[in-house]
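Enquirer: Below is a structure I'd like to ask you about.
What follows is the structure, encoded as structure tokens:
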């Protein structure tokens, strides 16, 4: 654990040096142009130098610029036409002036101030006369426009008079001695050119060694947009220099210090990056960095969110890289982006490495894409529309709420929209609010009902009015509750039948077993006569056979109920099979006090069945008729074909009262003789029912008073 922590710390320090090195290299590449030359070649100084030359042109070289500008004024006919029609035609301007003064004049007259009214009238008439002269007298208009432009020129140069003091201070930073090559006129603030060699100078520009000095063309703009050219076409020779005593010296020294610092940091940055790359090659530092205990949490983030996070971190890292370059401008704020880089670069690297490693295992990427938030949202949205009505209602509710809120903001700026908004509230929002409230009420009612149902409290059915989603849900819940009620009844019935089954099995098995035990004890007596001994042995044998028959029948019905039995299906004549079963019981039928009525077709009825099993069904049903029919009554057995079905019916009048619960007669050990004084096992109908079910047929029992009817249906070929 300690070793792992040391490796992580070492990797973090490695990333720290690498980050700082990259920042230094990028900064050097970006700002190298600012530090690969002298201070007096930088943009900062050159802009101030150009400003000095511009002011030198205006205040010392072209001192007559204002007079030249006035002398160059020319008024064209197009300019005069534009001036005249600037505020409309002559008639339009006259009407406009009259409208401006008519109210003032009338008001002064109403107030009884005739003097003021006359002042307004004279002022109006003067303006009207001025406008008419503008349109009628070209000389007057031209002179007027020249005076206006001269006034604008005076205003512009008046503004420059305020900058003259600034120029007087600025030119002290420069030493200059310039001669006009055309006129020989000299402009200087030093006695002669030798001054430049006698004074300690930072730099000197020599003309024409550096080319003749020319001043760029400049234009001054008046308020009306008129351009005043300041053009100096002459060339100058001489020198301009910056002395070490000038105000530029601190900036010059500061620049040199920054220049040394800049290139030193650049060299250190290159060395740091090279050292980090060498160290990574030897010790694989990039593989040591990890999220540690945060790794499982990061892995749980969906892949699309991780991609978005990686993009955000990448943009932040890029912006922080540019932010760290601000230290060149002596801005302490660069510490903030540098700290961000130190924290984010390792995390950004881990993210990128994780995404690249994922590309090596497409199956993993596919699995993660399936778990992405976009897929989840798609599946959730799709699930929301499994019931399209519910999905539409929910999204309609969202839209109505949004429009209601948006309308509240919109109506502030429009009275017409206010009316439409309240109409929308009245027609849409309020009815929809009532509808949603009703749905919530129904839903809460269903929740409360479901909670009680889960606790076993069976209450009245929920209301099922309407065709809404909640009404359908209530309808389904009521149906479910009915199923639960039926299930509970079936469970209670099953428990009761299970108890009866145990009781009946115990009784039916214990009775012959008790007889066997009793007679076995009697056989142990030595005083027993031989004829009695033989009689007891016969009784034991008979009871043993009955016990064996009960156990065999019980196993057979259990196997049939569970389906753990194979049928030997063959094409069998059901008519002949029924006649064989009746023939087997012919002796019992003749001995009984019953009158059998047999009805069967003359032709054969074939079905693919297990002949032995179906014979057992017939045997059990005929035996039941013989044992449980009332004496001196008729018993009916019929066979017919109907709709590709063989229908065999057994009817008789019962000796004992059976009750109304027909289904219980099909249960194991359930007997028509509730006193259980007959020899039956109570398994006959259960076995018959199981056999017919295995043949995908049906065995139904009907009771009408004492009339007992069994109907068997089988598929035929």
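In the UniProt record's numbering, the protein residues as written are 1 to 717.
By construction, the Cβ of each residue, glycine as well, lies at the ideal position given by its N, Cα and C atoms.
1) Does the Cβ-Cβ distance between residue 272 and residue 21 come in under 7 Å?
2) Taking the alpha-carbon of residue 612 as reference, which of 601, 640, 571, 646 has the nearest alpha-carbon?
3) Straight-line CA distance for residue 17 to residue 256?
4) When the Cα atoms are used, what is the spatial distance from residue 722 to residue 574?
5) What residues are listed by DSSP as bridge partners for residue 482?
6) Let me confirm a value: residue 524 is counted as buried when at least 16 other C-beta atoms fall within 10 Å, else exposed. Which label applies?
7) My assumption, with CB atoms under 8 Å, is that residue 278 sits in contact with residue 24. Please give the rounded CB distance.
8) Counting along the chain, where does the beta strand (DSSP E) carrying residue 242 start and finish?
9) The alpha helix (DSSP H) spanning residue 109 covers which residue range?
10) Do the region 160 to 176 and the region 40 to 60 touch if we need at least three Cβ pairs shorter than 8 Å?
11) I need the straight-line Cα distance from residue 42 to residue 254, nearest angstrom please.
12) Enumerate, from N- to C-terminal direction, the unbroken alpha helix (DSSP H) stretches of 4 or more residues contained entirely within the region 413 to 442.
13) Near residue 176, which residues of its chain fall below 8 Å by C-beta distance, leaving aside the five closest residues on each side in sequence?
14) Within the continuous alpha helix (DSSP H) that includes residue 619, where are the two ends?
15) Hey, out of 649, 249, 689, whose CA is closest to residue 578's CA?
16) Could you tell me how far apart the beta carbons of residue 748 and residue 646 are, in whole angstroms, since I believe they sit closer than 8 Å?
17) Could you check which residue in 112, 592, 280 has the C-alpha nearest to that of residue 630?
18) Would you call residue 696 buried or exposed, if buried means 16 or more other Cβ atoms sit within 10 Å of its Cβ?
19) Taking the straight line between their C-alpha atoms, what separation do you get for residue 150 and residue 140?
20) Could you pull the start and end residues of the alpha helix (DSSP H) that residue 124 belongs to?
21) Quick one: what's residue 175 bridged to in DSSP?
22) Need the endpoints of the alpha helix (DSSP H) that residue 361 sits in, please.
23) Residue range of the alpha helix (DSSP H) that residue 68 falls in?
24) Among the candidates 567, 607, 619, whose CA atom is the shortest distance from the CA of residue 582?
25) Let me know the secondary structure DSSP gives residue 164 once reduced to three states.
26) Within a Cβ cutoff of 8 Å, which residues of the same chain sit near residue 351, ignoring the five residues on either side of it in sequence?
27) Which partner residues of residue 186 appear in the DSSP bridge assignment?
28) State buried or exposed for residue 654, treating a residue as buried only when at least 16 other CB atoms are found within 10 Å of its CB.
29) Tell me where the beta strand (DSSP E) around residue 596 begins and ends.
30) Just to check my reading of the structure: residue 371 and residue 302 have Cβ atoms closer than 8 Å, yes? What is that Cβ distance to the nearest angstrom?
31) What is the rounded straight-line gap between the Cα of residue 207 and the Cα of residue 201?
32) By Cβ distance, which residues of its chain are closer than 7 Å to residue 164, with the 5 residues on each side in sequence left out?
33) Quick one: give me the first and last residue of the beta strand (DSSP E) that residue 637 is part of.
34) Using C-beta distances below 8 Å, list every residue in its chain close to residue 601, excluding the 5 sequence neighbours before and after it, in chain order.
35) Return the CA-CA distance between residue 10 and residue 353, expressed in angstroms with no decimal places.
36) Under the assumption that residue 304 contacts residue 373 (Cβ atoms under 8 Å), give the Cβ distance between them as a whole number of angstroms.
Expert: Put simply:
1) yes
2) 571
3) 27 Å
4) Nothing can be reported for residue 722: it is not among the residues displayed for the chain, which extend from 1 to 717.
5) Its beta-bridge partners do not exist; DSSP assigns none.
6) exposed
7) Incorrect: roughly 17 Å between the Cβ atoms, too far for contact.
8) 236 to 243
9) 90 to 110
10) yes
11) 13 Å
12) 415 to 424
13) 56, 187, 188, 189, 190, 238, 239, 240, 241
14) 611 to 628
15) 649
16) For residue 748 there is no data in the structure shown, the boundaries of the chain being 1 and 717.
17) 592
18) exposed
19) 15 Å
20) 114 to 136
21) 241
22) First-last for residue 361: undefined, no H or E at that position.
23) 65 to 71
24) 619
25) helix
26) 306, 309, 310, 313
27) 179
28) buried
29) 595 to 599
30) 6 Å
31) 17 Å
32) 59
33) 634 to 642
34) 575, 639, 640, 641
35) 19 Å
36) 5 Å
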